[in-house]
Each structure stands twice: as structure tokens, then as C-alpha cells.
Amino acid sequence: MTDDSAAASSAPTTHPTPAPAASDEAPAKTGLGSRAVRGTAFSLGGQLLSQLIRLGSNLILTRLLDPDAFGLMAIVLSVTSGLTLVSDVGVWQAIVRSPRGDDDEFLDSAWTFHTVRGFGLFLIGCALAYPAARFYDRSELLWLLPLRSEEHTFE
Numbered sequence: 226m227t228d229d230s231a232a233a234s235s236a237p238t239t240h241p242t243p244a245p246a247a248s249d250e251a252p253a254k255t256g257l258g259s260r261a262v263r264g265t266a267f268s269l270g271g272q273l274l275s276q277l278i279r280l281g282s283n284l285i286l287t288r289l290l291d292p293d294a295f296g297l298m299a300i301v302l303s304v305t306s307g308l309t310l311v312s313d314v315g316v317w318q319a320i321v322r323s324p325r326g327d328d329d330e331f332l333d334s335a336w337t338f339h340t341v342r343g344f345g346l347f348l349i350g351c352a353l354a355y356p357a358a359r360f361y362d363r364s365e366l367l368w369l370l371p372l373r374s375e376e377h378t379f380e
């Protein structure tokens, strides 16, 4: 054996490494715009699904309930939902955004404010029961509105 052949046989053999497949590569970074579009699509899709479920449940309720009872509950839910929407001041959003969001004193204050709001909504619901009962000529509203409004005290 010659020296050239011995040197060649003792040298490590190198094989070309294959190029990584497309699936092995790191995923391309997405920009803020595409993430915003995707988040908006998910949010709108969730809202659409929620509205479709609400529509379906209302259609089922119209078949199950007497039209008179369905209308009565529509009045009660409209009043209480309106009170909730008008009085929402963003307590929970403030907790999330605040740098003091994990401070016990801050959380206690937010809870107290939200509880006082709930009792206030209950009292407003009770106060609206009599005028609503007179306006719609339905005595059931005298107890349905306060009963539904009391839910706010336990939120």
C-alpha cells in the first residue's frame, strides 16, 4: 500500500449534508399587521357565533314559551341589560391595565366599587318596577324586575 492510499483511507470521509426541507425551517415571523388581522377575524367570528347562538335560543324560546311570557321576559331583559350597559364604568379593564392590578388594597377598592354599583342597579331596578308595570299594564313586572335586577348584587 502506498502512502497516498493510506492517507486517503485514514482521512474522514465527508458527505454533503442535505439541505433542510421546507418543513424543517423555522416558521416565518409574522408582522403586527397580520396578527392584528387574525385577532380581529377571531374576535368577529366569536361575536358572529355568539349572535347566531342567541338567535337560535330565541327561536327555540318563541316555540316553547307562551308569546305573552316571551314578551314579558323581553321587557325585563331589555331594562336590566340597559341598566348594565349604561352603568358599566370599566372596573375590570382598569384592574388589568393598572400597574397596581395585583395590589390587594386596589383590588379591594375595585370590588367595593363594583358591589356598590350592583346594589345601586338593584335599587334602580326596584324603582323602575312600578312605572314599568303601570306603563305596560302588567303586574308581573312588580316582582320580575327586582328579581332580575338583584342579579347585579352577586356579579
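Following my numbering, the numbering of the sequence shown begins with 226 at its first residue and continues without gaps. Just so you know, even glycine gets a beta-carbon here, dropped at the ideal spot from N, CA and C. None of these values were measured; they are calculated from a predicted model.
Residue i lies in the alpha helix (DSSP H); which residues open and close that run?
| i | result |
| --- | --- |
| Pro356 | Asp329 to Tyr361 |
| Ser282 | Leu257 to Leu289 |
| Gly307 | Pro292 to Ser312 |
| Pro324 | No alpha helix (DSSP H) contains Pro324, which DSSP labels as neither H nor E. |
In angstroms with no decimal places, state the Cα-to-Cα distance between residue i and residue j.
| i | j | result |
| --- | --- | --- |
| Glu365 | Asp313 | 27 Å |
| Met298 | Pro292 | 10 Å |
| Thr337 | Leu367 | 28 Å |
| Asp333 | Thr305 | 26 Å |
| Tyr361 | Ala319 | 39 Å |
| Val321 | Glu330 | 15 Å |
By alpha-carbon positions, which one of the options ends up nearest to residue i?
| i | options | result |
| --- | --- | --- |
| Gly315 | His339, Ala261, Leu372 and Tyr355 | His339 |
| Leu372 | Tyr361, Leu346 and Ser323 | Leu346 |
| Ala180 | Arg363, Phe379 and Leu269 | Because the chain in this structure spans residues 226 to 380, residue 180 falls outside the shown range and cannot be described. |
Return helix, strand or coil for residue i, following the three-state DSSP convention.
| i | result |
| --- | --- |
| Glu376 | helix |
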